[in-house]
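As structure tokens, the structure follows; a few thoughts come after it.
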Amino acid sequence: MTIFWVGAVALIFLSLIVIFWPWLLKRNQHDQEQERLNVLLVKDRVAEIERDLQESILSDEDKQAAESELKKALVLEVSVASENKVQATKNASGFSVVLLLFTFIAIATAVGSYLYSNEISDIQNWQDAQARLPELGERVVRGDASLTQLEYQNFTLALRTKLAKKTDDAVGWLLLGRLYASMQNVEQAMSAFEKSLALEPDRIGTLISYSQMLIMTNQKPQILKARQILQRALQASPGEKDAMGLLAIAAEQSGDKDLAVMTWQELSLQIAPEDPLQETIKTKIELLQHGQTELMVKVDIAQRLKDKLPKEAMLFVFARKANSEMKMPAAVIRQPLGQFPVTVTLTDGNAMMAGFNLSGLQEAQVVARISLDDKVDVGEQEMQGEAVMTLSKFERNQVSIVIDQELSQ
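First residue of the sequence shown: 967, per this note's numbering; consecutive thereafter.
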């Protein structure tokens, strides 16, 4: 940065010389030419007077008078030239001030444009991040919640700069990939993970992170590739819980239910019985083995309420545990209000909370509600209908509801 400012000052000084030097040189040359011309004119006039005297055209008195007039004219010419020179000097001073002013404006504009376009503050932040690279790296690894988005961005840039100089840092590429993953830059994240694996093919953390990104693409070829990588990771580290969970998900998404069930069961043995994840695993296994519970809900509205329907509203259809203080829905669907009657299908996939879904209900309260906002909570000018029914687990259930109630808070 110091070199830049030294170079900038030198260029400004050189520019001033280039601007002013030709103008000063031209002005001095003009003055010298004018003085030389005046001297030549006087000499020619004196020679003419002498010639006229010798040829008896002029008398001695006429010669003296002509020389006197010539001297007066020369004095007047010198006086006028002096005044013009003074005036030119004043004009030049004014011109110099204007020229200097415009030069200053041009320099200020150039410097301002440079500072704006090159974002000096960002460069300084980047340099600061480079100096703090070890500290920021440690905070990123331990998941420090106090890290700002700017610190993440500057740390990413500083890490990329380091990796550009030292390309054989497998841990650095892994960390960069995780940073890109946190910013949802899937392609850049996968590229970084691939470079890390090229250096250290058996690093478990990289295998797991790379597989997670492959699964996120939701493309079957990528999911199958993730399965292979995770199976390789589990061969190297058989008790790795993260690898088991990802492998079960990849197997389920690729349609291999047997592998998914077996992997979920193995993961269940690896975690404590009281771990909340056990309930999720149990539900996952039941869904894979028996299918999911479905509830087809046919919704209509009472004739007396049709004229009161708001022009813009949402239809909520949800099921929750009947005769219970727990009001959280086990499944919910929200959609724009359309023509009645309408049929919607609730499944275990519409759950709001892991481990609490339709398959976990025996007696269900099914509610259809017209709402002016996007919240399930009761609001003003809302309408509702409901029914209570017994659900058959892992089967298709059906119920009809008529919206016939006007609600108030």
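Beta carbons: idealized from backbone N, C-alpha and C, even for Gly.
- In the displayed model, Ala1353 falls within a strand according to three-state DSSP.
- Secondary structure at Met1210: helix, using DSSP grouped into helix, strand and coil.
- Under the Cβ criterion (8 Å, minimum of three pairs), the stretch 1345–1354 does not count as touching the stretch 1310–1321.
- For Glu1166, the secondary structure class from DSSP, reduced to helix, strand or coil, is coil.
- Burial state of Gly1143 is buried, judged by a 10 Å Cβ sphere holding 16 or more other Cβ atoms.
- Here DSSP, grouped into helix, strand and coil, assigns Lys1287 to strand.
- Residues Gln1236 of the same chain have their beta carbon placed closer than 8 Å to that of Gly1205, with the five preceding and five following residues left out of the count.
- A Cβ-Cβ distance of about 6 Å is found for the pair Ile1336 and Leu1281, placing them in contact under the 8 Å criterion.
- Secondary structure at Lys1223: helix, using DSSP grouped into helix, strand and coil.
- For the pair Leu1213 and Gln1197, the CB atoms are nearer than the 8 Å cut-off.
- Glu1372: not part of any alpha helix (DSSP H); member of the beta strand (DSSP E) spanning Gln1371 to Leu1373, first to last residue.
- Secondary structure note for Ala1268: it is in no alpha helix (DSSP H), with a DSSP letter that is neither H nor E.
- Contact check for Ala1268 and Ile1369: beta-carbon distance about 7 Å, within the 8 Å limit, so the pair qualifies.
- Contact between the stretch 1297–1308 and the stretch 1226–1243 is absent, with fewer than three C-beta pairs closer than 8 Å.
- Judged by DSSP in its simplified three-state form, Asn1323 adopts coil rather than helix or strand.
- Pairing Ala1136 with Leu1180 gives a Cβ-Cβ distance that is not under 8 Å.
- The Cβ-Cβ distance between Leu1123 and Gly1138 does not fall below 8 Å.
- Rounded to whole angstroms, the Cβ separation of Gln1331 and Val1354 is 5 Å, and the two are in contact under 8 Å.
- Excluding five sequence positions before and after Lys1191, the CB atoms of its chain that fall closer than 7 Å to its own CB belong to Leu1180, given in chain order.
- In this structure Phe1159 touches Ser1175 by the C-beta definition: roughly 6 Å separates them, less than 8 Å.
- Here Gln1178 has Leu1212 as same chain residues with Cβ atoms under 7 Å from its own Cβ, once five neighbours each way along the sequence are excluded.
- For Asp1134 and Phe1121, the gap between their C-alpha atoms comes out near 19 Å.
- According to the DSSP secondary-structure assignment, Phe1360 is paired through a beta bridge with no residue.
- Each of Lys1264, Met1262, Glu1372 and Glu1232 was checked against the Cα of Lys1250, and the nearest Cα belongs to Glu1232.
- DSSP places Phe1306 in the coil class of the three-state scheme, outside both helix and strand.
- Annotated as distal: Phe1360 and Thr1246, with beta-carbon spacing of 8 Å or more.
- Within a 10 Å sphere around the beta-carbon of Ser1374 sit fewer than 16 other beta-carbons, which makes this residue exposed.
- The alpha-carbon separation between Leu1357 and Ser1290 amounts to approximately 16 Å.
- Scanning Phe1284, Lys1264 and Ile1215 for the CA closest to the CA of Asn1184 turns up Ile1215.
- Between the alpha carbons of Val1298 and Asn1363 lies a distance of about 15 Å.
- DSSP places Ala1136 in the uninterrupted alpha helix (DSSP H) bounded by Ala1136 to Ser1148.
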